[in-house]
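Chemist: Dropping a structure here in structure tokens format, bear with me for questions.
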Amino acid sequence: MVTQINGSVVKAFDILKLFDEDRNEVTTTDVATELDLNFVTAHRFLRTLEHVGALVAVAKGRYRLSYVFVDLGDRVTGGDLLGQTLQPLLNAITADLQEAAMATVFQSDMVVCIARAVSRRQLSVDIRVGSRLEAYCTAHGKTWLAFMSERQRAHYLDTVERLRFTRNTVVERATLERQIAEVRELGHAFNDSEREDGIRAVAVPILARGGRMIAGLSVFGPASRMTDEITQLALARLQHAARDAGGLLYGQIAAPSA
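Structure (structure tokens):
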């Protein structure tokens, strides 16, 4: 038996998806025009969403998201749920490549490891769940910087002190901005001994449907093993895993640029 989809629930989510980083409020007219609804139907949907606590009326016919989504978001990203979801993907990558892999989120201007997988091969870097790394000199971090909003990125570059960890660390803003732009264009980032001497890494984003980055995946290891050939192999494996992650998290693939 085919399960019937409730069109009203779908339409309610279509309304919620009108909100983004550049749009904090929507009006009844916005909903009616953009979702091809008559004004009365749009008004009814908005009042219903307000009634259940999803929206807050800020003026007549104008609404914003309520803080219930902050709580719901915390439930998704908290309790290691995101890390637990991504862990099998990391395990498979490490089993295939015999190199370490990890997943990250971005918190308080730092990249935070939420899951990892390590091989039996020797590795001089000890990354654990909860480890915090600088964004400007890591593959994960440059990916996060590339896929955040321009306002967030500018604030980060304006306020975060950039220390030189190795001779390869990029601290000059202009150079870093060029690298970040390239990462956004290509959809992946590399790190060649910028945070730790002799360690190379490649990272890709996991993107939500609207293009917002929700997590990062990477493979890293000694430069002696992470040759250009292995790095490209790791990149392809990570891109595949990012597509799988989109399916696990959203039920629909949201792949980064190849």
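Letter by letter, the sequence shown follows residues 30 to 287 in this note's numbering. Glycine is no exception: its CB is placed at the ideal position from the N, C-alpha and C atoms.
(1) Locate the alpha helix (DSSP H) running through Thr-62, then write down its first and last residues.
(2) With a 10 Å radius around its C-beta and 16 neighbouring C-beta atoms as the bar for buried, classify Asn-220 as buried or exposed.
(3) Give the range of the beta strand (DSSP E) segment to which Asp-221 is assigned.
(4) To which residues of the same chain is Phe-176 closer than 6 Å at the C-beta, ignoring the five residues directly before and after it?
(5) Taking only the alpha-carbon atoms, compute the straight-line gap between Gly-108 and Trp-173 and give it to the nearest angstrom.
(6) By alpha-carbon positions, which one of Val-199, Asp-226 and Ile-44 ends up nearest to Ser-253?
(7) Around the C-beta of Ser-247, are 16 or more other C-beta atoms found within 10 angstroms, so that it is buried, or is it exposed?
(8) Using only alpha-carbon positions, find the residue among Lys-46, Lys-171 and Ala-88 that is nearest to Glu-22.
(9) Determine the burial state of Arg-52: buried for a count of at least 16 other Cβ atoms within 10 Å of its Cβ, exposed for fewer.
(10) With H, G and I counted as helix, E and B as strand and the rest as coil, what does DSSP make of Ala-83?
(11) Pairing CB atoms from the segment 119 to 131 with CB atoms from the segment 145 to 162, are three or more of them under 8 Å?
(12) Which residues does DSSP list as the beta-bridge partners of Ala-230?
(13) Taking C-beta to C-beta, are Ala-168 and Ala-230 nearer than 8 Å?
(14) Kindly indicate which three-state DSSP category Thr-114 falls into: helix, strand or coil?
Modeler: In terms of the structure at hand:
(1) On the sequence shown, residue 62 is found 33 positions in, with the first residue counted as 1. 57 to 63 is the span of the alpha helix (DSSP H), which, as asked, contains Thr-62.
(2) Walking along the sequence shown from the start, residue 220 turns up at place 191. The residue in question, Asn-220, is buried, as its Cβ has 16 or more Cβ neighbours within 10 Å.
(3) Within the sequence shown, residue 221 is the residue found at index 192, counting from 1. Looking at the DSSP string, the run of the beta strand (DSSP E) that includes Asp-221 is 218 to 221.
(4) The sequence position of residue 176 within the sequence shown is 147, counting from 1. Answer for Phe-176: Pro-234 and Met-242, listed in chain order.
(5) In the sequence shown, counting from the first residue as 1, residue 108 sits at position 79. In the sequence shown, counting from the first residue as 1, residue 173 sits at position 144. In this predicted model, Gly-108 has a pLDDT of only 46, less than 50, meaning its place in the structure is not dependable; the value taken from the coordinates is given anyway. Answer to the nearest angstrom: the Cα atoms are 22 Å apart.
(6) In the sequence shown, residue 253 corresponds to position 224, counting from 1. Measuring from the Cα of Ser-253, the nearest candidate turns out to be Asp-226.
(7) Within the sequence shown, residue 247 is the residue found at index 218, counting from 1. Buried, since its Cβ has 16 or more Cβ neighbours within 10 Å.
(8) Beyond the ends of the chain as shown, which are 30 and 287, falls residue 22; an answer cannot be given.
(9) For the purposes of this step, residue 52 is taken as residue 23 along the sequence shown, with counting starting at 1. Exposed.
(10) Stepping through the sequence shown from its first residue, residue 83 is reached at position 54. In this structure, Ala-83 counts as coil in the three-state DSSP scheme.
(11) yes
(12) For this step, residue 230 is matched to residue 201 along the sequence shown. Bridge partners of Ala-230: Asn-220 and Phe-249.
(13) Here residue 168 refers to the residue found at position 139 of the sequence shown. Here residue 230 refers to the residue found at position 201 of the sequence shown. Going by C-beta atoms, Ala-168 is nearer than 8 Å to Ala-230.
(14) As a first step, residue 114 must be located in the sequence shown, where it is residue number 85. Looking at Thr-114 - three-state DSSP - the assignment turns out to be helix.
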